[in-house]
Structures are given as structure tokens and as C-alpha cells.
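Here's the structure, in C-alpha cells; my notes come after.
2 protein chains.
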Amino acid sequence: MNAEILAVGTELLMGQIANTNAQYLSRRFAELGIDVYYHSVVGDNPRRLKDALIRALERSDIVITTGGLGPTKDDLTKETIAEALGLPLVVHQESLDYIKAFFSKLNRPMCENNVKQAYLPAGSKVVPNRNGTAPGCIVEQGGKVVIMLPGPPKEMIPMFDETVFPYFEGKTGHIIGSRLVKVFGMGESEVETRLMDLVEQQSNPTIAPYVGYGDISLRVTAKCRNRDEAEALIAPVVEKIRERLGACVYSDSGESMEEVVLKLLSEKGWTLSTAESCTGGMLASRLINIPGASRVFDRGFVTYSNAAKVQELGVSQKTLEAFGAVSRETAEEMATRLVERTKTNAGLAVTGIAGPDGGTPEKPVGLVYVAACLNGRTESLKLNLRGDRERIRTVSCLHALDLLRRMLLGIQ
Amino acid sequence: MNAEILAVGTELLMGQIANTNAQYLSRRFAELGIDVYYHSVVGDNPRRLKDALIRALERSDIVITTGGLGPTKDDLTKETIAEALGLPLVVHQESLDYIKAFFSKLNRPMCENNVKQAYLPAGSKVVPNRNGTAPGCIVEQGGKVVIMLPGPPKEMIPMFDETVFPYFEGKTGHIIGSRLVKVFGMGESEVETRLMDLVEQQSNPTIAPYVGYGDISLRVTAKCRNRDEAEALIAPVVEKIRERLGACVYSDSGESMEEVVLKLLSEKGWTLSTAESCTGGMLASRLINIPGASRVFDRGFVTYSNAAKVQELGVSQKTLEAFGAVSRETAEEMATRLVERTKTNAGLAVTGIAGPDGGTPEKPVGLVYVAACLNGRTESLKLNLRGDRERIRTVSCLHALDLLRRMLLGIQ
Numbered sequence: 001m002n003a004e005i006l007a008v009g010t011e012l013l014m015g016q017i018a019n020t021n022a023q024y025l026s027r028r029f030a031e032l033g034i035d036v037y038y039h040s041v042v043g044d045n046p047r048r049l050k051d052a053l054i055r056a057l058e059r060s061d062i063v064i065t066t067g068g069l070g071p072t073k074d075d076l077t078k079e080t081i082a083e084a085l086g087l088p089l090v091v092h093q094e095s096l097d098y099i100k101a102f103f104s105k106l107n108r109p110m111c112e113n114n115v116k117q118a119y120l121p122a123g124s125k126v127v128p129n130r131n132g133t134a135p136g137c138i139v140e141q142g143g144k145v146v147i148m149l150p151g152p153p154k155e156m157i158p159m160f161d162e163t164v165f166p167y168f169e170g171k172t173g174h175i176i177g178s179r180l181v182k183v184f185g186m187g188e189s190e191v192e193t194r195l196m197d198l199v200e201q202q203s204n205p206t207i208a209p210y211v212g213y214g215d216i217s218l219r220v221t222a223k224c225r226n227r228d229e230a231e232a233l234i235a236p237v238v239e240k241i242r243e244r245l246g247a248c249v250y251s252d253s254g255e256s257m258e259e260v261v262l263k264l265l266s267e268k269g270w271t272l273s274t275a276e277s278c279t280g281g282m283l284a285s286r287l288i289n290i291p292g293a294s295r296v297f298d299r300g301f302v303t304y305s306n307a308a309k310v311q312e313l314g315v316s317q318k319t320l321e322a323f324g325a326v327s328r329e330t331a332e333e334m335a336t337r338l339v340e341r342t343k344t345n346a347g348l349a350v351t352g353i354a355g356p357d358g359g360t361p362e363k364p365v366g367l368v369y370v371a372a373c374l375n376g377r378t379e380s381l382k383l384n385l386r387g388d389r390e391r392i393r394t395v396s397c398l399h400a401l402d403l404l405r406r407m408l409l410g411i412q
Numbered sequence: 001m002n003a004e005i006l007a008v009g010t011e012l013l014m015g016q017i018a019n020t021n022a023q024y025l026s027r028r029f030a031e032l033g034i035d036v037y038y039h040s041v042v043g044d045n046p047r048r049l050k051d052a053l054i055r056a057l058e059r060s061d062i063v064i065t066t067g068g069l070g071p072t073k074d075d076l077t078k079e080t081i082a083e084a085l086g087l088p089l090v091v092h093q094e095s096l097d098y099i100k101a102f103f104s105k106l107n108r109p110m111c112e113n114n115v116k117q118a119y120l121p122a123g124s125k126v127v128p129n130r131n132g133t134a135p136g137c138i139v140e141q142g143g144k145v146v147i148m149l150p151g152p153p154k155e156m157i158p159m160f161d162e163t164v165f166p167y168f169e170g171k172t173g174h175i176i177g178s179r180l181v182k183v184f185g186m187g188e189s190e191v192e193t194r195l196m197d198l199v200e201q202q203s204n205p206t207i208a209p210y211v212g213y214g215d216i217s218l219r220v221t222a223k224c225r226n227r228d229e230a231e232a233l234i235a236p237v238v239e240k241i242r243e244r245l246g247a248c249v250y251s252d253s254g255e256s257m258e259e260v261v262l263k264l265l266s267e268k269g270w271t272l273s274t275a276e277s278c279t280g281g282m283l284a285s286r287l288i289n290i291p292g293a294s295r296v297f298d299r300g301f302v303t304y305s306n307a308a309k310v311q312e313l314g315v316s317q318k319t320l321e322a323f324g325a326v327s328r329e330t331a332e333e334m335a336t337r338l339v340e341r342t343k344t345n346a347g348l349a350v351t352g353i354a355g356p357d358g359g360t361p362e363k364p365v366g367l368v369y370v371a372a373c374l375n376g377r378t379e380s381l382k383l384n385l386r387g388d389r390e391r392i393r394t395v396s397c398l399h400a401l402d403l404l405r406r407m408l409l410g411i412q
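Laid out in C-alpha cells, this is it:
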């Protein structure tokens, strides 16, 4: 089976938003083992939408549309597709009741326009929408499947996950289980080399790598009859990946590096503080973006100026003068003094040159030192990073967190 | 004239990346006054690429492809399109020399594969690539234009801006000037209402709104014979927008809120510090992401725990007990004490409940107070924000910066 993703919306053709829905759906279809050969985007124009639909049905088994299910007169996806398929639109009472209840909960009057959202092609299967007023639908006709979902990702994604994904599991007679293995501290080509035979030999489960901003994710996906069978197939492959990549695997359940570090600290009832120069609050910010971080994260310092490093952390003027603000000695002293002053169990420090200015031949842009102090022991790393300011800062944060993770786990 | 954007790359169909190139190009074509009616994506598959190209040439005047110009055997865009157009590929000596120099500068040997990157369809106009080895090209045939650009945005965007955009300016006989007006503190519908007649009446320049994460951008675009004429057309429209939206316009040259605030402080030689609770370093991080921030930004505190607010900033235990950590009183005291302790000219403080947990009926998720202290005077704002943790934190940062901006400019 193969699928085509057809997005409808002039805002996409005007460049006001990126087609992230197509990316999400493509990933999920890959997990289902359904090939996606085409993405298409058309505007809110019935003629071009109809042409695109006919073309898509000629070349694909499944056509999934996003967008154009709103209440306005520009929203014509359902009307256009129903006409192209020769199906009348009929009211779906449950959806109409839901839309009415949706507005009364918000204490807002329902517009007459919203009634049209409850009309669906006759014989279609409804895809409920918990987060908005536009239901989606699934139409089967002549061996083809047409699925219509709304455009806003916050509505579309849960609708796909809760109704459309299980629909295809039911259709294909198998369910899909998957786990996301997260890797840091090893380059893309090294990961590929170490896993190449696994990736090539494995057909169930499959292993698909995604290269992120400084880290790599490996999606392990199994097709099975039930969840237990999926887990039984996936677990040994995850084990093999762990054997090949060692301590560079920081999660086998899709957690972010921040989540992993916060969890390790939380399990021991330990606290964390941060002292940042070039990352300038990004490290603290990433930690605090995890709900519940307050149990572990105590406080952070953005000591951008040398004076701040001395006054807030207690780094000695001597160290700064002898080695400079960007040095292993300063990084280690930042982490050590930080923990002393805040009486936290763990402290992380980052100092470096994120560019684009400020580099010298001895200390070029991308030179960053990270240090971690854990219960009295301090370790540090020297990094030479590539990329722009944003990338250097992001990857520095990951290295600092990873250093602490390794210390917490007793990994060299 | 109308254009179609045809992206080539299996990584797009696998959902490994989003098609941000299509968004960028669509925006730029809108500025050129060229309509984009279709986006398409196909994989690294010559048959489907050829079909998509033929289809695109039937329905569009301009076809611009991204991707598939790399050195590997999967990269087949040029070969496939040249064949479809009946054009031989011929070596472009200047590009070959450039590729050779590119590798010798990196001290890496050039692969034989890279030679094929210097072959272009006969008669095509080369689009030089400053940031990679794959040149692009422009082919004119039978009144149609086919343009091929590489996939990586860091290569594609400068190539489009430096060669393709001026090419269309030359073709259309006019140049395009544009300015980005940035707006904060006014809702999307309010902005639309205030500008509706301008947006509808204006045909040159045009006004196109883009809704961001908490702020709104208005692109004012003029078609003219030269830059001076463009500026003469744009300036009065920007003036009208300023009249309608008042102090909510924080930049008329595309600057971010951080840039605007740092510039205002820098002009006076003033310094800035931050004290953050729920934003947790995000405010400092955004400021420090601006190159040159070090001239203004002195230091920041992430005082997530109450103890940290007392110990690091000197907020009184009494205030915390009487009003709670999330209160106007605590926010103002954070900002005032911060400036006293750091001896900076300006201080920004944020405290609030970013969720998803921690809300109560009296202090729900999304309740945030921001305060700014400027040379001894402290002002604050109470916010009730919607959205998830990330959005609440982001919008809080913008409000804090905007409060300081207004104080710096003496705007009520």
C-alpha cells in the first residue's frame, strides 16, 4: 500500500506556515510500513483541489488531506472531495451535538457556519476531533481510501493517532509497536557504520535513523499481532543497539537528555544548579521546560561578564587572569564554586565562544568547556564545535548534560 | 506568471525533515508578485520525478526544484530534468574549478563523484553556490523556466537571494523592495481590523501579515524600477501602519524584540540583568543569542526555588509569605533587588505558572507577572496566557522585554 499527502491551504502556498503536517504523517506512515511517494499542496481553490485529488487517486492507494475543514466559505475540502467522489454530504448528528457542546462550554454562541462542519460524505467513518470543531472522515471507495483531517497540528495529530493509525492497523491486520532510542556523543557516520548490518538485515523490526541537532534518534518499529509480541521483537534489537553504541545511548524510550538527567537526580533526591556563560540561560531553560523540574532544579546563574563570574560564583580573579574566561580551569572552578555556594548535589558550568565574533587563533569560535561537579568531584570536557551561534550553544548544553549523566551512572 | 515548487528527496517523504524550503520560496515568490499554486514532493526516483516535472510544466510557468544535486548516485535531479527537456549535460569549467578549490581549502581530497556536480544542462544559466559544492541552474525553454537548486537551506537560500531573485526582477522589469514591520501587544484580529482597508486598497506596496509565536509581522512589499523608488513607496505605508498600531510596532526593519531592547540600552551605554522564575533562563538565553549582547547584558539569575529568590536576589521572606512567589509584589521586588545587587541600569523579572501542573483556582496555569526596573523606577504587568508550557514561557519573555522597551521609550 502507498499513500499520498495532499495539503489544502493558501497559507502554505503563501509561505505563512511550513507543511509540518506532511512531515508528521510521513513519519507515521513509515512506521505503518506504508510508502509515501508524493506530497502535494494546493490552495483553497476547488478546481485545483479536484484536479490534485483525481491525480492522487490515479497514482496512490491512500490519499490523506489536511486543511480546509473550517467553517468559512474558503474551507471547501469536504465539499470538493465529496463531489469528486459522487457522494452527498449528510449531517452527522453526534458531531453536530459535539460542536454545540463545544461552544456552550466556551460560553460563546455557535455560528450558523459551524453547522456545515458536522456534514460528512455519506457512508464515511467519522474521525472525532477532541480539540476543535471540525471532525475528520475516512471514505473507502473502489479499493481506495480518502481521509480528510483538519489543518491545525494540535487537532490533526491526536485525530491521526487515535483513529487513523488504529484504522490502518486494523486494515493491515497487524499493529505497529515502536521505540525511540536516543544517541549522543557519536557521529552520524560512526553510528551508521556500527549499525549498518543491523539496519540492512532487519526487516521486522526496522531501524530508522533521524539526525537531530547534535544527537541522533533511532526509531525501532515492529509489525505484530499485539503489543506483547511487538515488545518481544523490539527489546532484543534495542539491546543489540545498546551493545553496539554503548553509553552513547542515553534513552531507549524517547526521552530528552534533560529528562534523563533530571530523572537520575530525582531518583536519588538530589538537586541541580547551573552556571552559564556562552549558553546564557539556555541550559537552565531546557531543564525548566520539563514539567516537574522544580523538584530537582534549584537555581541557575548566567555569569556572562567576568565580574559576574567572580561576584556570583566566587571564581577567583587569579584563575580568570591566568587562564582566561574560556578555559578548563575557569569551567571547573565555576562548577565547583557553584555547588559550594548553592549547596546543591550537582552543578553544571559552561564557558565558551559561541561566535560569530570573539574568536582568536588560540581560542577560536566553537571552543567551549563544560564542567560538572557531583558531590565534590569535578570533571570537564574541552569541545571544538562547528556551526552558528545557536548550534554551538545547543550542542554545548547537550555535552554538559551528558557529562553529568555519565558521572551519575559511573560511566567513563 | 505562476510558479510551482517541486522538492526532490526521499528524506522528505520519510518525514525526516520538513519542507521548509517550500515555505521560504513561497514567501519570496509572493514578494515578487508571482503566484504559487502548487507544492509537490517526490523521492529520489527518476520516473516519478520526470512525471512530476512534466505535470508541473503543463500547469505552471516556472518550476523550481530543490534537492537531488548532490554527488551520490541517488542525486538525479539534473540528469532527469535534462533528459526530460532533451538537453545534454555539459561541464561548466568555472564550477569545476570552484569545487576543486572548495575541497583543497578544506584539505580534503575531491571524490570523482563531485565532478558530476559541475555538469549543467547545455545553455543554462549557472546559479553559484558559495556554501557548498552543488551549483544550481536556470533553464529557459518554450516560454517556461526551470530552476534547480540544492536541498540544504543554508546553500539554497543564499543562492535564491543572490541569483534567482534578481533574475526574476530582471525578467519582470521591476525590482522588489520590502520591509518587515514587527508588532507586539495587539491581537491578530485587532491588527487586521485596524489595517483592513490598507491591506485591501494597497496594491503597490502590498501588506502581508504573518502571525508568529506571540507577535505579528507585516511584510510591506513594493514593485518598482529601483531601490529609491521602492523606499519612497514603502515609507509612507510603514508610517500609516505606525499611526494605526501605535507603540505596538516595535521594529520597522525586521529586528527581533531582543535586538530592539539591546540596541536601545546600548545607545545609552546602559546595562541589563535578569531574574527569572518560570521562564527559567529563556529570557537571558534569547538576549545572549544576539551577537554582541555582551556589551549590554551583565548577568542573569534563574531563581526557581523560593530560597534562591531570597538568597540570590534578596526578595524578602515576608513578601513571599504574604503574596506568594507568583504575585505582582514578588515580581517587582525581584526586579528592584536585582538592579540594586547587580548595579545594572535595567533589570527584568518574570515569575509565573507555566504549567501543566501547579495551577490553582486563584492562580491558574498561565498567570505570569513580569516586572522591569529602570534606573530606580519599577513597573509590572499581570498576564493571563494561554497555551502550553513552551508558549507561556516564550510569550512571557516577549512581554517582559516589551515592558522595558516601553519604559526606555517613555511610552505608557
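Protein chains in written order, with the UniProt record's numbering: chain A, 1 to 412; chain B, 1 to 412.
By construction, the Cβ of each residue, glycine as well, lies at the ideal position given by its N, Cα and C atoms.
- Query: Counting Cβ pairs closer than 8 Å, one from the segment 337–351 of chain B and one from the segment 336–350 of chain A, do we hit at least three?
  - Reply: Too few Cβ pairs lie closer than 8 Å, so no.
- Message: Report the CB separation of B/Ile99 from B/Asn113 in whole angstroms; it is logged as a contact under 8 Å.
- Response: That pair is no contact at about 11 Å.
- Looking only at its own chain, which residues have a Cβ that is under 6 Å from the Cβ of B/Leu82, when we skip the five neighbours before and after it? Looking at the sequence itself, residue 82 of chain B is Ala, so the reference to Leu does not match. Cβ neighbours of B/Ala82 beyond the five flanking positions: Leu89 and Pro121.
- Task: Find the residues of chain A that neighbour B/Ala308, judging by a C-beta separation of less than 9 Å, and give them in chain order.
- Result: Under the 9 Å cutoff, chain A gives Ser273, Asp298, Arg299, Gly300 and Thr342.
- Contact with chain B by A/Gly214, beta-carbon distance below 8 Å: For A/Gly214, not one C-beta of chain B is nearer than 8 Å to its own C-beta.
- Query: By DSSP, does B/Arg130 sit in helix, in strand, or in coil?
  - Reply: Correct three-state label for B/Arg130: coil.
- Contact residues within the segment 32–56 of chain A, judged by C-beta distance below 7 Å to chain B: Cβ proximity to chain B below 7 Å picks out Val36, Tyr37, Tyr38, His39, Ser40, Val41, Val42, Gly43 and Arg48 from the segment 32–56 of chain A.
- Taking 8 Å as the threshold, find out whether the segment 270–285 of chain B comes into contact with the segment 223–237 of chain B through three or more Cβ pairs. As far as the Cβ criterion goes, the segment 270–285 of chain B does not touch the segment 223–237 of chain B, which means the pair count is below three.
- If you draw a straight line from the alpha carbon of B/Glu258 to that of A/Val310, how long is it in whole angstroms? If I take the Cα positions, the gap works out to 26 Å.
- Message: Closer than 8 Å is the cut-off here; do at least three beta carbon pairs connect the segment 403–411 of chain A with the segment 352–361 of chain A?
- Response: Under the three-pair Cβ rule at 8 Å, the segment 403–411 of chain A does not count as touching the segment 352–361 of chain A.
- Task: Determine the chain B residues that contact A/Asn345 at a beta-carbon separation under 8 Å, and present them in chain order.
- Result: Going along chain B, no residue has its Cβ under 8 Å from A/Asn345, so there is no contact; the nearest lies around 14 Å.
- Query: Looking at the structure shown, is B/Ala3 part of a helix, part of a strand, or coil, going by DSSP?
  - Reply: Strand, per DSSP.
- Select from B/Val365, B/His399, B/Met334 and B/Gly352 the residue whose C-alpha is nearest the C-alpha of B/Arg377. It is B/Met334 whose Cα lies nearest to the Cα of B/Arg377.
- At least one CB of chain A closer than 8 Å to the CB of B/Asn289: is that the case? Closer than 8 Å to some Cβ of chain A, the Cβ of B/Asn289 qualifies, so yes.
- Item | Closest residue to B/Leu195 among B/Phe184, B/Asn204 and B/Ala208 (Cα-Cα distance) | Ranking B/Phe184, B/Asn204 and B/Ala208 by Cα distance to B/Leu195 puts B/Ala208 first.
- Item | Sequence ranges, alpha helix (DSSP H) only - wholly within the segment 378–410 of chain B, length at least 4 | If we require 4 residues or more, the alpha helix (DSSP H) runs fully inside the segment 378–410 of chain B come out as 389–409.
- State buried or exposed for B/Asp298, treating a residue as buried only when at least 16 other CB atoms are found within 10 Å of its CB. Buried, since its Cβ has 16 or more Cβ neighbours within 10 Å.
- Query: Does A/Arg27 get closer than 8 Å to chain B when you measure Cβ to Cβ?
  - Reply: Contact of A/Arg27 with chain B is assigned, a C-beta pair being separated by under 8 Å.
- Query: Would the beta-carbon of A/Tyr250 fall within 8 Å of that of A/Phe184?
  - Reply: If you check the CB distance, A/Tyr250 and A/Phe184 come in under 8 Å.
- If you measure beta-carbon to beta-carbon, which residues of the segment 232–252 of chain B are closer than 7 Å to chain A? Answer set for the segment 232–252 of chain B: empty.
- Message: Distance check for B/Thr274 and A/Lys268, CA to CA, integer angstroms please.
- Response: Approximately 31 Å, taken between the alpha carbons.
- Message: Considering just the uninterrupted stretch of the alpha helix (DSSP H) at B/Asp97, what are its terminal residues?
- Response: That run of the alpha helix (DSSP H) goes Gln93 to Lys105.
- A/Asp357 touches chain B at which residues, Cβ-Cβ below 8 Å? Within 8 Å Cβ-Cβ: Pro291 and Gly292.
- Task: Under 7 Å Cβ to Cβ from B/Tyr304, same chain only, skipping five residues before and after it: list those, please.
- Result: Excluding positions up to five away in sequence, the list reads Ser277 and Gly280.
- Query: Would you say B/Pro153 and B/Asn131 are within 8 Å of each other, going by their C-beta atoms?
  - Reply: Cβ distance not < 8 Å, so B/Pro153 and B/Asn131 don't count as in contact.
- Message: Alpha carbons only, please: which of B/Thr206, B/Thr221, B/Ala372 and B/Ala354 is nearest the one belonging to B/Val261?
- Response: Looking at the Cα atoms, B/Ala372 is the closest of the given residues.
- Message: Taking beta-carbon pairs under 7 Å, can you tell me which members of the segment 307–328 of chain B lie near chain A?
- Response: The residues in question are Ala308 and Glu312.
- Can you say whether A/Arg227 is buried or exposed, counting buried as having 16 or more other CB atoms within 10 angstroms of its CB? Classification for A/Arg227: exposed.
- Message: Please tell me whether B/Ile5 and B/Val36 are closer than 8 Å, where the distance is taken between their beta carbons.
- Response: In this structure, B/Val36 lies closer than 8 Å to B/Ile5 by Cβ.
- Message: Using C-beta distances below 6 Å, list every residue in its chain close to A/Ile392, excluding the 5 sequence neighbours before and after it, in chain order.
- Response: Annotation for A/Ile392: Ala354, Gly366 and Leu385 place their beta carbon closer than 6 Å to its own, counting only its chain and skipping 5 residues before and after.
- Closest Cβ-Cβ distance between B/Gln202 and chain A: below 8 Å? B/Gln202 does not count as touching chain A.
- Which whole-angstrom value describes the C-beta separation of B/Asn21 and B/Gly151, a residue pair presumed to lie in contact below a C-beta threshold of 8 Å? Rounded, the Cβ-Cβ distance is 7 Å, consistent with contact.
- A/Met186 beta carbon near the ligand GDP (any heavy atom closer than 7 Å): Only the bare structure without any ligand can be found here, which leaves the ligand GDP out of the picture.
- Sorted by chain position, which residues of the same chain lie with C-beta nearer than 7 Å to B/Met148's C-beta, five sequence neighbours on each side aside? Excluding sequence positions up to five before and after B/Met148, its CB lies within less than 7 Å of the CB of Thr65, Leu69, Thr77, Lys78, Ile81, Gly136 and Cys137, all in the same chain and listed in chain order.
- Message: I want to verify the contact list: residues of chain B whose CB lies under 7 Å from the CB of A/Thr303, in sequence order.
- Response: Those are Arg299, listed as they occur along chain B.
- A/Glu58 (DSSP reduced to helix, strand or coil): Here A/Glu58 sits in helix by DSSP.
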